[in-house]
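Working notes for the structure below.
Residue numbers (our numbering), protein chains in the order written: chain A, 2 to 315; chain B, 2 to 315.
Set out below in structure tokens:
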């Protein structure tokens, strides 16, 4: 048995446009780093450093990465082991970039690796989703699956879980805009509560059609069609955008500046634009200046769609 | 200018599984046949023969094929011409196989051909949709687009109309089961009225996910995944199946007999199963015997997904 492993898992954009709960993409950065080893002393140990470390549960039974790792031990018959884990958070929590998904994916992957890889992809994903569940209240897979496997992951079935990985977008930039808002512990849970309970039939048809654009665009590597899909969320975005200052001004400006598509990342408040290589910096600068003019501090960051999910690091 | 043309357009399955209003497939048979020429005497002429001819409007202003042809003349600047048309109906009206869509597609195509093909694909489709509108009350494109272009057509945008044609399914049979029910003139309009006005959020997510299976299956030529998509309509099928005797027994039996997927064709009452080559005949026989035992006469027919839409015939 390997004694210790160091892994890294990426930030992700879930709820990609009209694909609420069923599609997410891995970003090249930021990343969480985990150092994990297994003990036989019956005592789990957890240390957390990095961005937002103070907001994350240090209780092994409530921490996403630990819960995910423990789920792997249980599924693989390794209950006798204890987990010693050090987390260095790179993905900021509560901004809509899949922070708990990254930690869950990394925790599950690391423990599976230390056991000699007994679990297959679906099993590993299920364990990682256990970690996501303690953090977010819902065991959704659209952050944790791309954090594990990289690229763009489509969840074809929830129960049993069945996924496919689509090729990453290689010839575009993703600019993420994050307004600095006061966000409480229950962010993801509340972000679900504000969603409409019922959707008009025609809105559903429009949503399915946007999703068709997204998937066909991804399959045909057609950035304009991907963008039409991303921008066409008629259900989730109208509800969640109410909590983001100037959302529709930002969207309009991004598209006016040539972005292929614009939407909320995950449960927000971060937003993202898919845009031509070399244009993300200007789009980011412009959008945060609109937010600043409206009295909201914000920052932006540049990304690409990463082909890698969890990786082993030296 | 060519003086006369004879064209043929196929039956189609619209509302393919979860793709209400946005995806349809062309069948290899049955087909409508149209003989069309243009006159300069200011007098439209229309003759209809074949299956269900007595149920179809002979008023040039109300007949789908004539309205579609007239729309082409108007769009192409050929208003001075009159249309002389003979329709031989092969696609039975009112059973959910896109009868008016076939006639509309054929009418639009024939007139465009006689004018020397002035309209492009999208323009032609728009004209054909005018014909569909007079027959069905709604200008939906998911019958008329595959009837025009063949294969499987996905409607990526309604306004402006934007479509893509997916490769046809080449290695499976489609068995269509048609119960003999009393159906009035307003069938398609009523079939829309019985649909739910609002859909629960989770149902919408499930519908988008089924649609993801359908598209990914089609793109990857994976019949099982296509079938999961087709069978997973959580919105339209539950409403329309109430008017089809034994619908869920038929669906269960078809899947038990190995069909990849089963759903309602268009607005019904025909149903279809996508199944392994060589198994459609047995599935069809079995399903109509279930209907007969329940007191409903029915017939079945075997098809493939046609690569051809409208074709010129000698």
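Note that CB positions come from ideal geometry on N, CA and C, so glycine has one too.
Please report the straight-line C-alpha distance between residue i and residue j, rounded to a whole angstrom.
| i | j | result |
| --- | --- | --- |
| residue 249 of chain A | residue 121 of chain B | 35 Å |
| residue 309 of chain A | residue 29 of chain B | 44 Å |
| residue 178 of chain A | residue 161 of chain A | 35 Å |
| residue 77 of chain B | residue 211 of chain B | 40 Å |
| residue 89 of chain B | residue 313 of chain B | 14 Å |
| residue 311 of chain A | residue 166 of chain A | 14 Å |
| residue 199 of chain B | residue 240 of chain B | 12 Å |
| residue 59 of chain B | residue 104 of chain B | 13 Å |
| residue 71 of chain A | residue 49 of chain A | 17 Å |
| residue 253 of chain B | residue 86 of chain B | 44 Å |
| residue 1 of chain B | residue 79 of chain B | The question about residue 1 of chain B has no answer here: the residues shown for chain B are numbered 2 through 315. |
| residue 42 of chain A | residue 224 of chain A | 53 Å |
| residue 193 of chain B | residue 268 of chain B | 8 Å |
| residue 57 of chain A | residue 98 of chain B | 57 Å |
| residue 228 of chain A | residue 182 of chain B | 45 Å |
| residue 206 of chain A | residue 287 of chain A | 34 Å |
| residue 201 of chain B | residue 158 of chain A | 18 Å |
| residue 275 of chain A | residue 117 of chain B | 42 Å |
| residue 220 of chain B | residue 220 of chain A | 8 Å |
Can you give me the Cβ contacts of residue i inside the same chain, cut-off strictly under 6 Å, excluding the 5 residues immediately before and after it?
| i | result |
| --- | --- |
| residue 258 of chain B | 284 |
| residue 230 of chain B | 18, 211, 214, 215 and 218 |
| residue 109 of chain B | 69, 73, 125, 128 and 129 |
| residue 34 of chain A | 9 and 89 |
| residue 232 of chain A | 262 and 263 |
| residue 61 of chain B | 45, 47 and 67 |
| residue 119 of chain B | 77 |
| residue 36 of chain A | 7 and 87 |
Please identify the residue among the options whose C-alpha is closest to the C-alpha of residue i.
| i | options | result |
| --- | --- | --- |
| residue 277 of chain A | A:171, A:14, A:129 and A:18 | A:171 |
| residue 255 of chain B | B:243, B:269, B:273 and B:241 | B:273 |
| residue 95 of chain A | A:224, A:201, A:136 and A:64 | A:136 |
| residue 226 of chain A | A:263, A:54, A:240 and A:201 | A:263 |
| residue 112 of chain B | B:175, B:98 and B:45 | B:45 |
| residue 168 of chain B | B:222, B:236, B:176 and B:286 | B:222 |
| residue 31 of chain B | B:75, B:40 and B:91 | B:91 |
| residue 81 of chain A | A:40, A:205 and A:119 | A:40 |
| residue 307 of chain A | A:173, A:279 and A:183 | A:173 |
Below 7 Å CB to CB, which residues in the same chain sit around residue i once its five sequence neighbours on both sides are set aside?
| i | result |
| --- | --- |
| residue 4 of chain A | 38 |
| residue 246 of chain A | 180, 292, 295 and 297 |
| residue 93 of chain A | 52, 53 and 100 |
| residue 237 of chain A | 16, 21 and 196 |
| residue 75 of chain A | none |
Ignore the nearest five residues each way along the sequence and tell me which others in residue i's own chain have a CB closer than 8 Å to its CB.
| i | result |
| --- | --- |
| residue 156 of chain A | 22, 23, 24, 142, 143, 146, 162, 163 and 164 |
| residue 289 of chain A | 178, 299, 300 and 301 |
| residue 63 of chain B | 135 |
| residue 195 of chain B | 240, 241, 243 and 244 |
| residue 279 of chain B | 174 |
| residue 140 of chain A | 130, 131, 133 and 134 |
| residue 123 of chain A | 161, 162, 163 and 164 |
| residue 315 of chain B | 7 |
Check whether the Cβ atoms of residue i and residue j lie closer than 9 Å to each other.
| i | j | result |
| --- | --- | --- |
| residue 234 of chain A | residue 208 of chain A | yes |
| residue 132 of chain B | residue 83 of chain B | no |
| residue 271 of chain B | residue 15 of chain B | no |
| residue 281 of chain A | residue 303 of chain A | yes |
| residue 66 of chain A | residue 12 of chain A | no |
| residue 149 of chain B | residue 6 of chain B | no |
| residue 151 of chain B | residue 260 of chain B | no |
| residue 175 of chain A | residue 305 of chain A | yes |
Can you list the beta strand (DSSP E) stretches of 3 or more residues lying completely in the region 81-153 of chain A, in chain order? Runs found: 83-90.
Ranges of the beta strand (DSSP E) found wholly within the region 21-56 of chain B, counting only runs of at least 3: 24-40 and 46-51
Return the chain-ordered ranges of every alpha helix (DSSP H) run that is complete within the region 169-236 of chain A and spans a minimum of 4 residues. 188-194, 202-221 and 224-232
Suppose only complete runs of 4+ residues qualify. What are the alpha helix (DSSP H) ranges in the region 271-311 of chain B, listed by chain order? Counting only runs of 4 or more, we get 281-294.
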